[in-house]
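Undergrad:
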Amino acid sequence: MDPAYFTPLCTLTSSLVLLAGIAILWRHSLPAYIDSFARQSFFFVLVILAVAATTGTRELYIVAAMVFVLKVVVIPRLLHRVRRTVGADLEIHPYVNVPFSLAIAGALTLVSYVVAAPVMALSDLPTRASIPLALAVIFVGLFIVVSRRSALTQIVGFLVMENGIALLAVLATYGIPLIVELGVFLDVLLGFLVMLVFVHRIRETFDTTDVDRLRKLRQ
Amino acid sequence: MLGWLLEAAQCLLTLAAAPGAIGLVRWIKARLQGRRGAPLWQPYLDLRRLFRQEVIIAPSTSWIFRAAPAVLFGCMIVVSLLVPMLAAPLPLDGAGDLVVVVYLLLLGTFVLSLAGLDPGSAFGGMGSSREMTIASLAEPTVALAIFGLGVTAGSTNLGQIVARTLENPARVLSAGHLMAFAALYIVMLAETGRLPVDNPATHLELTMIHEAMVLEYSGRYLALIEWASWMKFFIFLSLLSNLFLPAGVAATLTPAALAVSLAVLLAKILILAVSVAILETQVAKLRLFRVPELLSVSFLLALLAVTSSVLVR
Numbered sequence: 076m077d078p079a080y081f082t083p084l085c086t087l088t089s090s091l092v093l094l095a096g097i098a099i100l101w102r103h104s105l106p107a108y109i110d111s112f113a114r115q116s117f118f119f120v121l122v123i124l125a126v127a128a129t130t131g132t133r134e135l136y137i138v139a140a141m142v143f144v145l146k147v148v149v150i151p152r153l154l155h156r157v158r159r160t161v162g163a164d165l166e167i168h169p170y171v172n173v174p175f176s177l178a179i180a181g182a183l184t185l186v187s188y189v190v191a192a193p194v195m196a197l198s199d200l201p202t203r204a205s206i207p208l209a210l211a212v213i214f215v216g217l218f219i220v221v222s223r224r225s226a227l228t229q230i231v232g233f234l235v236m237e238n239g240i241a242l243l244a245v246l247a248t249y250g251i252p253l254i255v256e257l258g259v260f261l262d263v264l265l266g267f268l269v270m271l272v273f274v275h276r277i278r279e280t281f282d283t284t285d286v287d288r289l290r291k292l293r294q
Numbered sequence: 013m014l015g016w017l018l019e020a021a022q023c024l025l026t027l028a029a030a031p032g033a034i035g036l037v038r039w040i041k042a043r044l045q046g047r048r049g050a051p052l053w054q055p056y057l058d059l060r061r062l063f064r065q066e067v068i069i070a071p072s073t074s075w076i077f078r079a080a081p082a083v084l085f086g087c088m089i090v091v092s093l094l095v096p097m098l099a100a101p102l103p104l105d106g107a108g109d110l111v112v113v114v115y116l117l118l119l120g121t122f123v124l125s126l127a128g129l130d131p132g133s134a135f136g137g138m139g140s141s142r143e144m145t146i147a148s149l150a151e152p153t154v155a156l157a158i159f160g161l162g163v164t165a166g167s168t169n170l171g172q173i174v175a176r177t178l179e180n181p182a183r184v185l186s187a188g189h190l191m192a193f194a195a196l197y198i199v200m201l202a203e204t205g206r207l208p209v210d211n212p213a214t215h216l217e218l219t220m221i222h223e224a225m226v227l228e229y230s231g232r233y234l235a236l237i238e239w240a241s242w243m244k245f246f247i248f249l250s251l252l253s254n255l256f257l258p259a260g261v262a263a264t265l266t267p268a269a270l271a272v273s274l275a276v277l278l279a280k281i282l283i284l285a286v287s288v289a290i291l292e293t294q295v296a297k298l299r300l301f302r303v304p305e306l307l308s309v310s311f312l313l314a315l316l317a318v319t320s321s322v323l324v325r
């Protein structure tokens, strides 16, 4: 692909990844969170495909296919199923309200531009303009984890953060070796499954997925 | 000389086409909702009826109430001279840039909410306070989106922005440009009282904003206000279409180029009006306390637009 189009395309798709992450802060219901996450992973697949088409790396196509299967199809489905069995649909009282969350997301984006400025100055990659966006996705994911009460929402936040890290890897190094990528995928999948088990246990013990209630021990 | 004629033509176009654009949105909306809908020219008939009707003014009002419609209408006329609708370099470009245009639009909002307060009726005050809440939330977004556009074009002059974007068409698809477009689109919905923010079709006291402010008006005053608010909608649509997708705007003042420019402008406005109508059938009105959430989304979009166009060099 022509590098003159590659840089704007990269920035555009990475911005979409970031916006899909921020949409989670804006919406109010768990189904919307899960769909936003699936959308974000889809945009991430587009970024990988753009990088793959420009650099001609074959491994990246495999990575794109794996991300698509795992993060666009499998994980959202599992999340939806757990959501139905647990019966938690609304994130009723987040620790930080929506307009303020959005303002913080904007501030986090600015911070990631400041943090990434030295990296951008050093590198001459055509993708360097998108590096701050990937950092911002990581920060937004972390912010979702700390500002929302429901355990399921926190899992979504963790997955968003993981998307951000993977996006950073693709943008900054054009993809890490396939074997490492496979390891990371298994890691994410296992971590995710363990978390789902935890959500079930929390729900059985406390009758809620609100982590704020996990204050006292029960027998 | 031709330039000045063009200015007059733009003004007349706005005056003549604005009720048509509103009629179109209403008609498409009615069709999508399975109603037959009033004909496209219904707003023109409404205007004629209102201009003929008797004016009744509450005795508790002051001169503000009578001056407001004229000021509002005047603002829209001036703005229609400053916005590049048909050709990019206009003779009056030096008279006002994007900042002037936006704040003239806001001046109209301000005057109208003063007029809503003036008769001292409960509904007017309620409408004014809501309108001001929304305007104060929408304004930072507009300012930021302008900075984003102005910095990439190197000027806040509307003609310059359009000309620069015409020279470099790849910029239209850049992330900053698209996010600024989305931010201004949301602001357009809020400022012109369209659906997720205000429902232009009801007089329900719990939800109305624009209608609450103009409740005391009648006759030709109401006609001026309605006409001005339709013109505002038309101006916002042409700003959105020409600032963000300037393809088709005439760079030279030849009759052929101007004809193409007029056709393309009307086509773009048609597409935007259809998008507004479809959106209005899809979404429900937001609760008033959810409106700040929507507007902070648009603020965030504008902020991201600025960061991705300014901080990356």
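If you read the sequences in order, they're chains A and B.
When the letters of the first sequence are read in order and numbered with this note's numbering, they come out as residues 76 to 294.
When the letters of the second sequence are read in order and numbered with this note's numbering, they come out as residues 13 to 325.
Beta carbons are placed, not taken as given, at the ideal position from N, Cα and C, and that holds for glycine.
1) Using a Cβ cut-off of 7 Å, pull out every chain B residue sitting near Thr129(A), in sequence order please.
2) Would you identify the three-state DSSP class for Ala99(B), choosing helix, strand or coil?
3) Kindly list the residues whose CB is nearer than 6 Å to the CB of Ala180(A), restricted to its own chain and excluding five residues on each side of it in sequence; keep chain order.
4) Exposed or buried, Phe218(A), counting other C-beta atoms within 10 Å across all chains shown (16 or more means buried)?
5) Taking DSSP as the reference, what is the three-state secondary structure of Asp130(B)?
6) Based on Cα-Cα distance, which residue from Met220(B), Gly15(B), Ser230(B) and Gln294(B) lies nearest to Ala134(B)?
7) At the 8 Å Cβ level, is Val309(B) part of the contact set with chain A, yes or no?
8) Using a Cβ cut-off of 8 Å, pull out every chain B residue sitting near Pro83(A), in sequence order please.
9) Are the C-beta of Pro103(B) and some C-beta of chain A separated by less than 8 Å?
10) At the 8 Å Cβ level, is Thr319(B) part of the contact set with chain A, yes or no?
11) Any heavy atom of the ligand ZN inside 7 Å of the beta-carbon of Val83(B)?
12) Mind checking which residues open and close the alpha helix (DSSP H) that includes Lys297(B)?
13) Can you pull the chain B neighbours of Leu87(A), defined as C-beta to C-beta under 8 Å?
14) From the DSSP output, read off the bridge partner residues of Asp285(A).
15) Measure from the alpha carbon of Ser273(B) to the alpha carbon of each residue in Gly106(B), Val83(B), Leu257(B) and Arg176(B), then state which is nearest.
16) Label Gly128(B) either buried or exposed according to how many other C-beta atoms from any shown protein chain fall within 10 Å of its C-beta, with 16 as the threshold for buried.
17) By DSSP, does Ala262(B) sit in helix, in strand, or in coil?
18) Buried or exposed: where does Leu246(A) fall if 16 or more other Cβ atoms within 10 Å of its Cβ makes it buried?
19) Any chance you could list the alpha helix (DSSP H) runs of at least 4 consecutive residues sitting entirely within the region 167–235 of chain B, in chain order?
20) With C-beta atoms as the reference, is Leu177(A) less than 8 Å away from Leu312(B)?
21) Just to make sure I have the definition right: I need the residues of chain A whose C-beta is within less than 8 Å of the C-beta of Ser316(B). Which are they?
22) Kindly indicate if chain A contains any beta-carbon less than 8 Å away from that of Pro304(B).
23) Mind checking which residues open and close the alpha helix (DSSP H) that includes Gly35(B)?
24) Is it the case that the region 67–74 of chain B contacts the region 101–117 of chain B, given that we only count it when at least three CB pairs across the two stretches are under 8 Å?
25) If I'm right that Lys244(B) touches Met88(B) with Cβ under 8 Å, what's the distance once you round it to whole angstroms?
26) Would you decide whether Val288(B) is buried or exposed? Buried here means 16 or more other CB atoms lie within 10 Å of its CB.
27) Alpha carbon to alpha carbon, what distance is there between Arg224(A) and Arg276(A)?
28) Quick one: what's got a C-beta closer than 6 Å to Met144(B)'s C-beta in the same chain, skipping five residues either side?
29) For Val300(B), decide whether its Cβ has a neighbour in chain A, counting only Cβ atoms nearer than 8 Å.
30) Taking the Cβ atom as the reference point for each residue, do Ser111(A) and Tyr170(A) lie within a distance shorter than 8 Å?
31) Which residues of chain A have a Cβ atom closer than 7 Å to the Cβ of Leu312(B), listed in chain order?
32) Can you find a CB in chain B that lies within less than 8 Å of the CB of Val173(A)?
33) What does the Cβ neighbour count give for Ala175(B), buried or exposed, with the cut at 16 atoms within 10 Å?
34) Please go through the region 80–136 of chain A and give each complete alpha helix (DSSP H) segment of 4 or more residues, from N-terminal end onward.
35) Considering only their Cβ atoms, is the gap separating Leu93(A) from Thr319(B) smaller than 8 Å?
36) Would DSSP call Leu52(B) helix, strand or coil?
TA: So, from the listed chains and residues:
1) In chain order: nothing, as chain B lies at least about 16 Å away.
2) Under the three-state reduction of DSSP, Ala99(B) is assigned to strand.
3) Closer than 6 Å at Cβ, skipping near neighbours: Ile97, Leu100 and Val215.
4) buried
5) coil
6) Met220(B)
7) At least one C-beta of chain A is nearer than 8 Å to the C-beta of Val309(B).
8) Ala182, Leu185, Ser186 and Ala187
9) The beta-carbon of Pro103(B) is placed no less than 8 Å from the nearest beta-carbon of chain A.
10) yes
11) For the structure depicted, the ligand ZN is absent and the ligand set is empty, with no information on it obtainable.
12) Lys297(B) -> no alpha helix (DSSP H), and no H or E assigned at all.
13) Leu185, Ser186, Ala187 and Leu190
14) Ser225(A)
15) Among Gly106(B), Val83(B), Leu257(B) and Arg176(B), the Cα nearest to that of Ser273(B) is on Leu257(B).
16) buried
17) strand
18) buried
19) 170–179, 187–203 and 222–225
20) yes
21) Going by the sequence as given, residue 316(B) is Leu instead of Ser. In chain order: Ser90, Leu93, Leu94, Gly181 and Thr184.
22) yes
23) Leu14 to Leu44
24) no
25) About 6 Å; that satisfies the 8 Å criterion.
26) Classification of Val288(B): buried, given that the 10 Å Cβ count is 16 or more.
27) 16 Å
28) Ser125
29) The question names Val, yet the displayed sequence has Leu at residue 300(B). Answer no: the Cβ-Cβ gap between Leu300(B) and chain A never drops below 8 Å.
30) no
31) Ile97, Leu177, Ala180 and Gly181
32) Judged by the 8 Å Cβ criterion, Val173(A) is in contact with chain B.
33) Classification of Ala175(B): buried, given that the 10 Å Cβ count is 16 or more.
34) 105–130
35) No, they are not a contact pair.
36) It is coil, neither helix nor strand.
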